[in-house]
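Novice: Take a look at this one; I'll ask things after.
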Amino acid sequence: MSQAVNAATSSPKRAYRKGNPLSVSERQQALMERRKETHKEIKVYVPTVLKERLQNLCEAEGVSQAEMISRLIADAAQEGVADAQALFTHYRQVKNPNPEFTPREGKKTLPFCRKLMAKAEGFTSRFDFSMHVAFARSLGVRHRMPPLLRRRAIDALLQGLCFHYDPLANRVQRSITNLAIECGLATESKNGNLSITRATRALKFMAELGLITYQTEYDPQIGCNIPTDITFTPALFSTLDVSDVAVVAARRSRVEWENQQREKQRLPRLDMDELIAKAWRFVRERFRSYQSERKSHGLKRARARRDADRTRRDIETIVKRQLTREIAEGRFTGNLDAVRREQARRVKERMLMSRGNNYTRLATATT
Numbered sequence: 001m002s003q004a005v006n007a008a009t010s011s012p013k014r015a016y017r018k019g020n021p022l023s024v025s026e027r028q029q030a031l032m033e034r035r036k037e038t039h040k041e042i043k044v045y046v047p048t049v050l051k052e053r054l055q056n057l058c059e060a061e062g063v064s065q066a067e068m069i070s071r072l073i074a075d076a077a078q079e080g081v082a083d084a085q086a087l088f089t090h091y092r093q094v095k096n097p098n099p100e101f102t103p104r105e106g107k108k109t110l111p112f113c114r115k116l117m118a119k120a121e122g123f124t125s126r127f128d129f130s131m132h133v134a135f136a137r138s139l140g141v142r143h144r145m146p147p148l149l150r151r152r153a154i155d156a157l158l159q160g161l162c163f164h165y166d167p168l169a170n171r172v173q174r175s176i177t178n179l180a181i182e183c184g185l186a187t188e189s190k191n192g193n194l195s196i197t198r199a200t201r202a203l204k205f206m207a208e209l210g211l212i213t214y215q216t217e218y219d220p221q222i223g224c225n226i227p228t229d230i231t232f233t234p235a236l237f238s239t240l241d242v243s244d245v246a247v248v249a250a251r252r253s254r255v256e257w258e259n260q261q262r263e264k265q266r267l268p269r270l271d272m273d274e275l276i277a278k279a280w281r282f283v284r285e286r287f288r289s290y291q292s293e294r295k296s297h298g299l300k301r302a303r304a305r306r307d308a309d310r311t312r313r314d315i316e317t318i319v320k321r322q323l324t325r326e327i328a329e330g331r332f333t334g335n336l337d338a339v340r341r342e343q344a345r346r347v348k349e350r351m352l353m354s355r356g357n358n359y360t361r362l363a364t365a366t367t
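When you line the sequence shown up against full-length UniProt numbering, it's residues 1 to 367, in that order.
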């Protein structure tokens, strides 16, 4: 019996399989003791080895522990990228494992933006990026280096951000959807649904590192999110080795160019603050007007589907009823001839959209 107990203590699973007469509580106790011994060995052994290795490296190189830790982080990051590129040549997680930024044909950018793009090449493989990740880990924001696919997405996305960057407003003048399409980070399902998750996750990671600001805002007036505000922080310019003097010079150059364009239109010159506020308002107002047009066209498409089974007489009756209600509420003003012209226009538009199967999202129906 004592031999059986000793065998069960050394290997609980083996003792149980052999059919030794041990109770359930005895097998659990033996297993817990074995796990405690294993964890105790690991807790004592690993920190001792790391501490001795770090001390030996510092004595051999003649540097401090902080500097040696920084070197180890940089070497580990470079080796991890090389090993991952050598081992994983085929991916099944994403459809485009090697994204690249491809601007729209004929689209140009500023020389300052070209300078930023050149300095941002291979950003995630540099020591500065590893340091930003290490600082984020020390603050508890991140727990590890981002995977290889995320780093490739960041590199491609950073090229697009620099290409569409506006030095005057300190803002990226491009929506996330179009930016994801140009960077090869957007996927489309069989049902036609567009996914930009890779782009949004990369942007959120850069915002956590403090390189950009990424803020979304919902507009209840139009029922959707307005274009995301993406701005560059001084930390990003410092990481890309772009001085503050160059940023201020590019901003003043854009101010002068904007005022020259206003002079050609015989408009008064504006100072920098007014031009910056005008640039921010222009993006929001243009998006609201565009989204309102798309919403109204979508409502017309939905109405055309309902009118597909209706006759012309039914549509005329519905239009007359609508015009009567609008005139009574004061939303439509005009004489009798104006009412008849509006009635004919609405009936014609509804007939064309319902009979022509014109449900495209690219252009409005022609009347």
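Every residue gets a Cβ at the ideal spot worked out from N, C-alpha and C, and that includes glycine.
Just tell me which of R151, F205, G330, G184 has its CA closest to the CA of R137.
Specialist: Nearest C-alpha to R137: F205.
Novice: Identify the residues that DSSP records as bridge partners of T187: which are they?
Specialist: Looking at the DSSP output, T187 bridges to S195.
Novice: Grab the span of the beta strand (DSSP E) containing Q159 for me, first residue to last.
Specialist: Segment 148–163 is the alpha helix (DSSP H) holding Q159; no beta strand (DSSP E) there.
Novice: In the DSSP assignment, what residue or residues form a beta bridge with F232?
Specialist: I212
Novice: Can you tell me whether L158 is buried or exposed? The criterion is at least 16 other CB atoms within 10 Å of its CB, across all chains shown.
Specialist: Around the Cβ of L158, a 10 Å sphere holds 16 or more other Cβ atoms; the residue is buried.
Novice: Report yes or no: do three or more beta-carbon pairs, one from the region 244–258 and one from the region 221–230, lie closer than 8 Å?
Specialist: no
Novice: Tell me which same chain residues have a C-beta within less than 8 Å of the C-beta of I212, skipping the five on either side of it?
Specialist: If we look at I212 and ignore the five residues flanking it on each side, its Cβ neighbours are L161, L203, M206, I230, T231, F232, T233, L236.
Novice: Would you kindly report the start and end of the unbroken alpha helix (DSSP H) that includes P111?
Specialist: 111–119
Novice: Provide the residue(s) that pair with R171 in DSSP beta bridges, ordered along the chain.
Specialist: D166
Novice: Should E349 be labelled buried (16 or more other beta-carbon atoms within 10 Å of its own) or exposed?
Specialist: buried
Novice: What separation, rounded to the nearest whole angstrom, lies between the Cα atoms of G334 and Q343?
Specialist: 12 Å
Novice: Which residues in the same chain have their Cβ closer than 6 Å to the Cβ of M145, if we skip the five residues on either side of it in sequence?
Specialist: V133
Novice: Grouping DSSP H, G and I as helix and E and B as strand, with all else coil, what is I226?
Specialist: DSSP, reduced to helix, strand and coil, places I226 within a strand of the structure shown.
Novice: Within 10 angstroms of its Cβ, does H143 collect 16 or more other Cβ (buried), or is it exposed?
Specialist: exposed
Novice: Does DSSP put D219 in a helix, in a strand, or in coil?
Specialist: strand
Novice: Identify, in the order they occur along the chain, each residue of the same chain with its Cβ nearer than 8 Å to the Cβ of V347, setting aside the five sequence neighbours on each side.
Specialist: R312, I315, E316, V319
Novice: Which word fits I327, buried or exposed, when buried means at least 16 other C-beta atoms lie within 10 angstroms of its C-beta?
Specialist: exposed
Novice: Just verifying my parser: in three-state terms, what is the DSSP assignment at S64?
Specialist: coil
Novice: Quick one, which of P167, A169, R150 has its alpha-carbon nearest V94's?
Specialist: R150
Novice: How close, in whole Å, do the beta carbons of A60 and L240 come, if the pair is a contact with beta carbons under 8 Å?
Specialist: Going by Cβ atoms, the distance from A60 to L240 rounds to 34 Å, so no, they are not a contact pair.
Novice: Select from E285, F112, F135, M353 the residue whose C-alpha is nearest the C-alpha of A304.
Specialist: M353
Novice: Just reading off the alpha helix (DSSP H) that L352 is part of, what are its end residues?
Specialist: 336–355
Novice: Can we say the region 112–128 touches the region 162–177, given the rule of at least three CB pairs closer than 8 Å?
Specialist: yes
Novice: So, for K43: in the same chain, excluding its five sequence neighbours on each side, which residues have a beta-carbon less than 6 Å away from its beta-carbon?
Specialist: Model confidence at K43 stands at a pLDDT of 38, short of 50, so the residue's coordinates are unreliable; what they give is reported in the following sentence. Around K43: no qualifying Cβ.
Novice: What three-state label does DSSP hand H297 in the structure shown?
Specialist: H297: helix per DSSP, three-state reduction.
Novice: In angstroms with no decimal places, state the Cα-to-Cα distance between A186 and M351.
Specialist: 37 Å
Novice: Taking a contact to mean a Cβ-Cβ separation below 7 Å, would you say F112 touches P167 in this structure?
Specialist: yes
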